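Undergrad:
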Amino acid sequence: MNWQRAAIATAAAVPLVALFAYGMTRDPREIPSPLPGRAAPDFALEVIRAGDEPSTGGLQPGDTLRSSELRGQVVVLNFWASWCLACRDEHEVLSAAARTYADRGVRFAGVLYNDRPAAGLEWIAQMGGQSYPAVLDPRSRTAIDFGLYGVPETFIIGPDGVVAYKHIGPVTTPVLTDQIERILPPIAAAP
Amino acid sequence: MRVAWWVVVGFLGFSVGEIPYSGPLLHAQIAATTDSALEARVRAVASELRCPVCQGESIQDSPATLAQEMRTVVREQLAAGRTPEEVKKYFSDKYGEWILLRPRPRGWNMIVYVLPVVALLLGALVVMRVTRRWARPEESGSVSAQHVDTTTPS
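For the record, the sequence lines run as chains A and B.
Counted the way this note's numbering counts, the first sequence spans residues 683 to 873.
Counted the way this note's numbering counts, the second sequence spans residues 809 to 962.
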């Protein structure tokens, strides 16, 4: 038995196997976004459906949701589509959170991504309504500006207009609550 | 003969008649060449950007809707006078350096460029050593060569 040769082969193979093993634990689709910590891109999106409660939107169909008018408020921007299965899982979470935070000045909006407006509206009706306004993003310009590579994706923008958090995949109540509370101004947080 | 003459006259008349139209025609030709130049630049930039919804495909090659929209963004920005570098920076600001199919040669990215060369050199070294070892017994008739000779059925 050639011990030296075996030792060399092992020394060469172990780091390689370790590297591949590490690679197996990583999801190649989870790409770190450079957006958090940076100013959120400007947007002006047409509203196709107001929120079910006036307190959670104040916008009517045909109005434009502008980033410039949202300064000073925490904004939760959710990209979704009627063809997106994972969007069904998070829909009630978002709708409930929008209701909870309505009186604390947190604005929610659902951006329809790569979909027909009619299909989006039908989907909302199927899901039993939506407490926050739905807006259109023709030609995915805002989606590209936000570095979107799939739905659902949720962005939380601080009162200063800086992206505070980006969530890939269906969002959960604990994550949403934690991230909103983290940046919600303390004055607004006082009961 | 007379027919030939009329053909010539007809040709002349036709070309004279064409003259007033040559202006817009030229314009159209120039527009077409600048368009194709722009398209070539769009293709060059688009083939260096990764399609976010595909597996290892550029936005130039992908038929995905998002890739098509991204190509339109590339075209618009180039037409507006941005340089290819500026357009690529716009996308890497949004998507991170991941979006660049050819990573910038700096920092840890250098591994991608250096490692294949190092691996190739190491491989060449191994091949050289092994072939030299194979060649040596024939010349010197060493113990291992004799051992091989005795085991091989002849």
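Cβ coordinates follow ideal geometry from the N, Cα and C atoms, glycine included.
Keep in mind it's a predicted model, so treat the numbers as computed, not measured.
1. Relative to the C-alpha of B:L909, which residue among B:A854, B:A845, B:D843 and B:W916 is closest?
2. Thinking B:L886 and B:V850 are a contact (beta carbons under 8 Å), I'd like their distance in whole angstroms, please.
3. Less than 8 Å between the CB atoms is what I'm expecting for A:P743 and A:A732, so what's the real figure, rounded?
4. May I ask you to report which of helix, strand or coil DSSP gives B:E856?
5. For B:S830, which of helix, strand or coil comes out of DSSP?
6. I think A:T824 touches A:F725, with their Cβ atoms under 8 Å apart; what is that distance to the nearest whole Å?
7. Hey, could you find the ends of the beta strand (DSSP E) B:E905 is sitting in?
8. Against B:T880, what residues of chain A qualify as contacts under a CB-to-CB distance less than 8 Å, listed in chain order?
9. Buried or exposed: where does A:A689 fall if 16 or more other Cβ atoms within 10 Å of its Cβ makes it buried?
10. Counting only C-beta atoms, is B:Y921 closer than 8 Å to chain A at any point?
11. Taking the alpha-carbon positions, what's the A:H773 to B:R879 distance?
12. Output yes or no for whether 8 Å exceeds the beta carbon distance between A:V656 and A:V756.
13. With a CB to CB cut of under 7 Å and the five nearest residues on each side skipped, what residues in its chain are close to A:A763?
14. B:L929 to B:E877, Cα distance in whole Å?
15. Identify each residue in the stretch 839-871 of chain B for which the Cβ-Cβ distance to at least one residue of chain A is less than 7 Å, and report them in chain order.
16. May I ask which residues mark the beginning and end of the beta strand (DSSP E) holding A:W762?
17. Does B:V935 come out as helix, strand or coil in the three-state DSSP assignment?
18. Beta-carbon of A:S715 versus every beta-carbon of chain B: anything under 8 Å?
19. Compare the beta carbon distance of B:V861 and B:A848 with 8 Å and say whether it is the shorter of the two.
20. Thinking just about the alpha-carbon of each residue, which of A:R786, A:V758, A:D785 and A:W765 is nearest to the one in A:V775?
21. Which residue wins for smallest C-alpha separation from A:R821, given the options B:E884, B:A943, B:P913 and B:K897?
TA: In this structure, then:
1. For the purposes of this step, residue 909 of chain B is identified with residue 101 of the second sequence, where counting begins at 1. For the residues B:A854, B:A845, B:D843 and B:W916, the minimum Cα distance to B:L909 belongs to B:A854.
2. Here residue 886 of chain B refers to the residue found at position 78 of the second sequence. Here residue 850 of chain B refers to the residue found at position 42 of the second sequence. About 6 Å separates the beta carbons of B:L886 and B:V850, which is inside the 8 Å limit, making them a contact pair.
3. Within the first sequence, numbered from 1, the residue matching residue 743 of chain A stands at position 61. Within the first sequence, numbered from 1, the residue matching residue 732 of chain A stands at position 50. The pair is a contact, with the Cβ atoms about 6 Å apart (cut-off 8 Å).
4. Numbered from 1 along the second sequence, position 48 holds the residue referred to as residue 856 of chain B. The DSSP-derived three-state label of B:E856 is coil.
5. For the purposes of this step, residue 830 of chain B is taken as the residue at position 22 of the second sequence. A caution first: B:S830 carries a pLDDT of 48, below 50, which makes its placement in the model too unreliable to give a value.
6. Taking the first sequence and counting its residues from 1, the one referred to as residue 824 of chain A is at position 142. Taking the first sequence and counting its residues from 1, the one referred to as residue 725 of chain A is at position 43. Right, the Cβ-Cβ distance comes to about 5 Å (below 8 Å), so this counts as a contact.
7. Here the question's residue 905 of chain B lines up with position 97 in the second sequence. B:E905 -> no beta strand (DSSP E), and no H or E assigned at all.
8. Numbered from 1 along the second sequence, position 72 holds the residue referred to as residue 880 of chain B. By Cβ distance, chain A contributes R821.
9. Residue 689 of chain A sits at position 7 when you count from the first residue of the first sequence. The Cβ neighbour count for A:A689, taken over all protein chains shown within 10 Å, is under 16; the residue is labelled exposed.
10. For the purposes of this step, residue 921 of chain B is identified with residue 113 of the second sequence, where counting begins at 1. Residue-level contact check: B:Y921 does not touch chain A, since none of the beta carbons of chain A fall below 8 Å from its beta carbon.
11. Position 91 of the first sequence, counted from the start, is the residue given in the question as residue 773 of chain A. Position 71 of the second sequence, counted from the start, is the residue given in the question as residue 879 of chain B. Distance between the alpha carbons of A:H773 and B:R879 is about 31 Å.
12. Past the edges of chain A, shown from 683 to 873, lies residue 656 of chain A, and the structure says nothing about it.
13. Along the first sequence, one-based indexing puts residue 763 of chain A at 81. Here A:A763 has C769, L794, Y795, N796, D797 and V833 as same chain residues with Cβ atoms under 7 Å from its own Cβ, once five neighbours each way along the sequence are excluded.
14. For the purposes of this step, residue 929 of chain B is taken as the residue at position 121 of the second sequence. For the purposes of this step, residue 877 of chain B is taken as the residue at position 69 of the second sequence. In this structure, the CA atom of B:L929 is about 43 Å from the CA atom of B:E877.
15. Those residues of the stretch 839-871 of chain B that come within reach of chain A (Cβ to Cβ, closer than 7 Å) are P860 and V861.
16. As a first step, residue 762 of chain A is located in the first sequence; it is residue number 80 there, counting from the start. Under the DSSP assignment, A:W762 falls in the beta strand (DSSP E) whose first and last residues are V756 to W762.
17. Within the second sequence, numbered from 1, the residue matching residue 935 of chain B stands at position 127. DSSP places B:V935 in helix when its eight states are reduced to three.
18. As a first step, residue 715 of chain A must be located in the first sequence, where it is residue number 33. Yes - at least one Cβ of chain B is within 8 Å of the one on A:S715.
19. Within the second sequence, residue 861 of chain B is the residue found at index 53, counting from 1. Within the second sequence, residue 848 of chain B is the residue found at index 40, counting from 1. Cβ atoms of B:V861 and B:A848: not closer than 8 Å.
20. Residue mapping note: residue 775 of chain A aligns to position 93 of the first sequence, counting from 1. Minimum Cα distance to A:V775 is reached at A:V758.
21. Locating residue 821 of chain A in the first sequence gives position 139, where the first residue counts as 1. The candidate whose alpha carbon is nearest that of A:R821 is B:E884.
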